[in-house]
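Peer 1: The following block contains the structure, expressed as structure tokens.
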Amino acid sequence: MQLSPLEIIRRESLQKLRDLGINPYPAEEFKTTATIKDIINNFEDFDGKEVVLAGRMMSRRIMGKASFAELKDASGRMQIYINRDEISSDDEGTMYNTVFKKLLDMGDIIGIKGEVFKTKVGEESVNVKELTVLSKSLRPLPVVKTDADGKVHDAFSDNEQRYRRRYVDLIVNDHVKETFIKRTKITTSMREFFNTRGYLEVETPILQPIPGGAAARPFMTHHNALDMPLYLRIANELYLKRLIVGGFDAVYEFAKDFRNEGMDRTHNPEFTVMELYVAYKDYNWMMSMTEELLEKICLDTNNTSEVMIGNNKVSFKAPYPRVPILEAIKIHTGFDVAGMNEVELRDVCKKVGIDVDETMGIGKMIDELFGEKCEHHYIQPTFITDYPKEMSPLTKEHRTNPALTERFELMVNGKELANAYSELNDPIDQRARFEDQLALSEKGDDEAMFIDQDFIRALEYGMPPTSGIGIGIDRLVMFMTNNASIQEVLFFPQMKPEKKAPSVELNDDEKVLFEMLKKVNKILLNDLKIQSEFSNKKWDKTLKGLTKHNLAKVSNTDDGLFVELI
RNA sequence: GACCUGGUAGCUCAGUUGGUAGAGCACCUCCCUUUUAAGGAGGUGGUCCUGGGUUCGAGCCCCAGCCCGGUCACCA
32 MQLSPLEIIR
42 RESLQKLRDL
52 GINPYPAEEF
62 KTTATIKDII
72 NNFEDFDGKE
82 VVLAGRMMSR
92 RIMGKASFAE
102 LKDASGRMQI
112 YINRDEISSD
122 DEGTMYNTVF
132 KKLLDMGDII
142 GIKGEVFKTK
152 VGEESVNVKE
162 LTVLSKSLRP
172 LPVVKTDADG
182 KVHDAFSDNE
192 QRYRRRYVDL
202 IVNDHVKETF
212 IKRTKITTSM
222 REFFNTRGYL
232 EVETPILQPI
242 PGGAAARPFM
252 THHNALDMPL
262 YLRIANELYL
272 KRLIVGGFDA
282 VYEFAKDFRN
292 EGMDRTHNPE
302 FTVMELYVAY
312 KDYNWMMSMT
322 EELLEKICLD
332 TNNTSEVMIG
342 NNKVSFKAPY
352 PRVPILEAIK
362 IHTGFDVAGM
372 NEVELRDVCK
382 KVGIDVDETM
392 GIGKMIDELF
402 GEKCEHHYIQ
412 PTFITDYPKE
422 MSPLTKEHRT
432 NPALTERFEL
442 MVNGKELANA
452 YSELNDPIDQ
462 RARFEDQLAL
472 SEKGDDEAMF
482 IDQDFIRALE
492 YGMPPTSGIG
502 IGIDRLVMFM
512 TNNASIQEVL
522 FFPQMKPEKK
532 APSVELNDDE
542 KVLFEMLKKV
552 NKILLNDLKI
562 QSEFSNKKWD
572 KTLKGLTKHN
582 LAKVSNTDDG
592 LFVELI
């Protein structure tokens, strides 16, 4: 392994700690008596009292016999003051001069016992009486500093490094941690909302024999013992509905779903959806519930119902406008497409500049019209309702218009945040819709749905009228935390693997050169270069390779540059 | 999948027609007892993403590739 000079110094410090009888990785429990946040928030209660804290040393300012350092625990950051004569028991001041000043580094995890006080400059601090090494850090952390004006210097900002080493990102970038704390606040808030109403949180299979409930390309895997293919779920909808058939009135699941499709700023191959199904409700009820839920979530996480998303101020205060999709298309394109046949609709698409082809049905074209011409206008939360039947195979036919369905999507900041239906519970209609999908897939749509016979069988036993919703949790977190990229709200976004470390073995060129050198033992550098017949670049690289492996050495003597074996 | 921009020290970044690889912070040595992004002085530190090529000479030019990011395509 190739170590940088900074890493070598730290490993030497590690050994020196051991030589002093200090275990750099002690096993004992370290009992703390407070958190940094507690102390800062309730300073008067702590002032003058003894506390025990543990955390990571994030900076250090050494001034002779006294020093200041910054300690960071899970709750916050605080200054500590360390005086040589107070933490050292011997005359040499070993604990201070050697351990603290020389052998500890930024990033080390330490425990301290000391007295809370405020410095002359007015900063809350702890005057350290005892210092304990809890874990030595062998790699240097990026040093991020914030000046008096709040300006950040040398931020650890390379996205590739931040995502690949999220742990470092979390250590040095406090705002990143905030995002993930908010993410948990959001899901906690939702659970509270549902649990208060008596809804049951459940778990359903991730490995499915038929990837149903949505139209998307699945990840495929294989079960060895059963010798059968299995798919990672693209949705859990059909399983949750089976539970409604089984007699639960309301079930919900926070589900990781997996879709084998392109990745971008708003798509990760695995993502989280909260799906909820409530019996005896319809999509109107679901709209009311959704706006109430989102207002609560926003208040719980941001203490206000308004948030900035990019340059837009968005209010989650209920209620939200409800706009039928055909109405939206009329508003934003000027065309009333209600009742149009496929030919007429294709004509409209061409007029507004949307590429169409023969495989596109009415549903697909309406979807395109909305997506291209309308979607981006809906910045404030808006329910878009009553989608055409063709694009909604799991949705109940509209109570007043058989061409439409009782479906809504919630648009926020021009993006889809949720999708909900009055669920189709007529098993005969459901079978017919699946067969329509099959026809579409034969027409060339490789994402049309598979037919799940057992799901239809369940419906045949009878499912109460039910409304269901799926809310994209990653997108919701992006909105609530004002992040434009899904990678900022996932701890570990999907990445291509890092390149492998260079091999420790000699490559072919190095082997050739090594063999030549073995024959002569020592030779003028230029002679060997000529003998090797390598290009300049290759020569340089190969010789450096040999010296790095400690097989050869270049020496500069009065007689010239020599290469010799070691 | 296509195109565009990037990849240089632990971090953030410079690097001139192609001519000895730089700065700040970090690190090391020394001075300093309540300091404030970063007190003073001196020093160490490099696979310039990888592999080929052109050239007397490549961080820079050419070719191929890898990885991040962006735009588009795809995305019930």
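In the working numbering, each residue carries its 1-based index in the first sequence increased by 31.
We treat Cβ as the ideally placed atom computed from N, Cα and C, and that holds for glycine.
The model shown is predicted, which means the values in this text are computed figures rather than measured ones.
#1: Considering only their Cβ atoms, is the gap separating I502 from V233 smaller than 8 Å?
#2: By the 10 Å Cβ neighbour count, where 16 or more other Cβ atoms means buried, how is F74 classified, buried or exposed?
#3: With a threshold of 16 other CB atoms inside 10 Å of the CB of V181, please say whether the residue is buried or exposed.
#4: Suppose you measure from the CA of V199 to the CA of L135; what does that come to, to the nearest Å?
#5: Starting from A247, follow the beta strand (DSSP E) in both directions and report where the run begins and ends.
#6: Is the beta carbon of I111 sitting closer than 8 Å to the one on S156?
#7: By the 10 Å Cβ neighbour count, where 16 or more other Cβ atoms means buried, how is D386 classified, buried or exposed?
#8: Leaving out five residues on either side along the sequence, give the residues of the same chain with a beta carbon under 7 Å from the beta carbon of E406.
#9: Reducing DSSP to helix, strand and coil, say where D505 ends up.
#10: In chain order, what residues of the same chain lie with their CB nearer than 7 Å to the CB of L274, ignoring the 5 residues before and after it?
#11: With distances taken between CB atoms, is the gap from I462 to I487 smaller than 8 Å?
#12: DSSP three-state call for M221: helix, strand or coil?
#13: Say yes only if the C-beta of G142 is nearer than 7 Å to one or more non-hydrogen atoms of the ligand GTP, and no if none qualify.
#14: My guess is that Y452 and Y314 are in contact by the Cβ rule of under 8 Å, so how many angstroms apart are they, rounded?
#15: Let me check understanding here. Comparing Cα to Cα, which of R108, Y56, E38 and M320 lies closest to K68?
#16: For D139 and V159, which I take to be in contact (beta-carbon distance under 8 Å), what is that distance rounded to the nearest angstrom?
#17: Quick one: Cα of I71 to Cα of M339, how far?
#18: Are three or more beta carbon pairs between the segment 279-296 and the segment 243-252 nearer than 8 Å?
#19: Just to confirm, are A434 and P419 a CB contact at a threshold of 8 Å?
#20: Starting from the C-beta of F522, find all residues in its chain whose C-beta is less than 8 Å away, skip the five residues before and the five after it, and write them out in chain order.
#21: Excluding the five sequence neighbours on either side, which residues of its own chain have a C-beta within less than 6 Å of the C-beta of K312, listed in chain order?
#22: Going along the chain, which residues of its own chain have a beta-carbon closer than 6 Å to the beta-carbon of A186, five neighbours each way excluded?
#23: Considering only the beta carbon of each residue, do P236 and R264 sit closer than 8 Å?
#24: Work out the CA separation of F401 and N226 for me, nearest whole Å.
#25: To test your reading of the DSSP string, which unbroken alpha helix (DSSP H) runs of 4 or more residues are found completely within the segment 154-229?
#26: Please name the residue or residues paired with Q110 in a DSSP beta bridge.
#27: Just to confirm my understanding: we take K47, look at its own chain, exclude 5 residues before and 5 after, and list those with CB closer than 7 Å. What are they?
#28: Would you call the CB atoms of V345 and Q411 closer than 8 Å?
#29: Can you tell me the Cα-Cα spacing of E284 and R296, whole angstroms?
#30: Could you tell me whether the Cβ atoms of E440 and N450 are closer together than 8 Å?
#31: By DSSP, does M463 sit in helix, in strand, or in coil?
#32: Which residue spans inside the segment 290-366 form an unbroken alpha helix (DSSP H) run of at least 4?
#33: Between E373, E337 and T177, which lies nearest to S90 when the distance is taken from Cα to Cα?
#34: Going by Cα to Cα distance, which pick from A349, L51 and I360 is closest to L325?
#35: If you compare alpha carbons, which of I40, E337 and P36 is closest to N513?
#36: E454: buried (16+ other C-beta within 10 angstroms of its C-beta) or exposed?
Peer 2: Quick look at the numbers:
#1: Within the first sequence, residue 233 is the residue found at index 202, counting from 1. Within the first sequence, residue 502 is the residue found at index 471, counting from 1. No.
#2: Within the first sequence, numbered from 1, the residue matching residue 74 stands at position 43. Per the 10 Å Cβ criterion, exposed.
#3: Sequence index remark: in the first sequence, residue 181 carries index 150 (1-based). According to the sequence displayed, residue 181 carries Gly and not Val. With fewer than 16 Cβ atoms within 10 Å of its Cβ, G181 is classed as exposed.
#4: For this step, residue 199 is matched to residue 168 along the first sequence. For this step, residue 135 is matched to residue 104 along the first sequence. The straight-line gap from Cα to Cα measures roughly 19 Å.
#5: Translated into the one-based positions of the first sequence, residue 247 becomes position 216. It is not in any beta strand (DSSP E) - A247 carries neither H nor E in the DSSP assignment.
#6: Looking up residue 111 in the first sequence gives position 80. Looking up residue 156 in the first sequence gives position 125. Cβ atoms of I111 and S156: closer than 8 Å.
#7: Mapped onto the first sequence, residue 386 falls at position 355. Counting Cβ neighbours within 10 Å, D386 comes out exposed, since fewer than 16 surround it.
#8: The residue given as residue 406 occupies position 375 in the first sequence. Counting only Cβ-Cβ distances below 7 Å, and skipping sequence neighbours, we find M442 and G445.
#9: As a position in the first sequence, residue 505 is number 474, starting the count at 1. D505 falls in the helix class under three-state DSSP.
#10: Stepping through the first sequence from its first residue, residue 274 is reached at position 243. Excluding the 5 residues flanking it on each side, L274 has same chain C-beta neighbours closer than 7 Å at V233 and V282, in chain order.
#11: Numbered from its first residue, the first sequence carries residue 462 at position 431. Numbered from its first residue, the first sequence carries residue 487 at position 456. Looking at the sequence provided, one finds Arg at residue 462 rather than Ile. Yes, the Cβ-Cβ distance between R462 and I487 is below 8 Å.
#12: Here residue 221 is taken as the residue at index 190 of the first sequence, counted from 1. Looking at M221 - three-state DSSP - the assignment turns out to be helix.
#13: Among the components of this structure there are no ligands whatsoever, and the ligand GTP is therefore not found.
#14: What you label residue 452 is simply residue 421 of the first sequence in a count that begins at 1. What you label residue 314 is simply residue 283 of the first sequence in a count that begins at 1. Contact between Y452 and Y314 holds, since their C-beta atoms are separated by about 6 Å, short of 8 Å.
#15: Here residue 68 is taken as the residue at index 37 of the first sequence, counted from 1. That would be R108, whose Cα lies nearest to the Cα of K68.
#16: Position 108 of the first sequence, counted from the first residue, corresponds to residue 139. Position 128 of the first sequence, counted from the first residue, corresponds to residue 159. Going by Cβ atoms, the distance from D139 to V159 rounds to 14 Å, so no, they are not a contact pair.
#17: As a position in the first sequence, residue 71 is number 40, starting the count at 1. As a position in the first sequence, residue 339 is number 308, starting the count at 1. Distance between the alpha carbons of I71 and M339 is about 29 Å.
#18: yes
#19: Residue numbering aside, residue 434 sits at position 403 when the first sequence is read from its first letter. Residue numbering aside, residue 419 sits at position 388 when the first sequence is read from its first letter. In contact: A434 and P419 (Cβ atoms closer than 8 Å).
#20: By 1-based counting over the first sequence, the position of residue 522 is 491. Here the set comprises R197 and F211.
#21: Locating residue 312 in the first sequence gives position 281, counting from the first residue. Non-local C-beta neighbours of K312 in its own chain, meaning closer than 6 Å and more than five positions away in sequence, comprise S498, ordered along the chain.
#22: Along the first sequence, read from residue 1 onward, the residue named residue 186 stands at position 155. Cβ neighbours of A186 beyond the five flanking positions: V175.
#23: Counting from 1 along the first sequence, the entry for residue 236 is found at position 205. Counting from 1 along the first sequence, the entry for residue 264 is found at position 233. Contact: yes.
#24: Here residue 226 is taken as the residue at index 195 of the first sequence, counted from 1. Here residue 401 is taken as the residue at index 370 of the first sequence, counted from 1. Rounded to the nearest angstrom, the two C-alpha atoms are 36 Å apart.
#25: 190-195, 197-203 and 205-227
#26: Here residue 110 corresponds to residue number 79 of the first sequence, with the count starting at 1. Per DSSP, E101 and S156.
#27: Here residue 47 refers to the residue found at position 16 of the first sequence. So the list reads L134, once near-sequence residues are dropped.
#28: Taking the first sequence and counting its residues from 1, the one referred to as residue 345 is at position 314. Taking the first sequence and counting its residues from 1, the one referred to as residue 411 is at position 380. Q411 sits close to V345, with the two beta carbons spaced by under 8 Å.
#29: Counted from its first residue, the first sequence places residue 284 at position 253. Counted from its first residue, the first sequence places residue 296 at position 265. About 25 Å.
#30: Translated into the one-based positions of the first sequence, residue 440 becomes position 409. Translated into the one-based positions of the first sequence, residue 450 becomes position 419. The answer is yes: Cβ separation under 8 Å.
#31: Here residue 463 refers to the residue found at position 432 when the first sequence is read from its first residue. Note on identity: in this sequence residue 463 is Ala, with Met being the wrong assignment. Helix.
#32: If one requires a minimum length of 4 residues, the alpha helix (DSSP H) runs lying completely within the segment 290-366 are 314-333 and 356-364, in chain order.
#33: Your numbering for residue 90 matches position 59 in the first sequence. Closest by alpha carbon: T177.
#34: Residue numbering aside, residue 325 sits at position 294 when the first sequence is read from its first letter. Nearest of A349, L51 and I360 to L325, Cα basis: A349.
#35: For the purposes of this step, residue 513 is taken as residue 482 along the first sequence, with counting starting at 1. If we check each option's Cα against that of N513, E337 comes out closest.
#36: Looking up residue 454 in the first sequence gives position 423. Classification of E454: buried, given that the 10 Å Cβ count is 16 or more.
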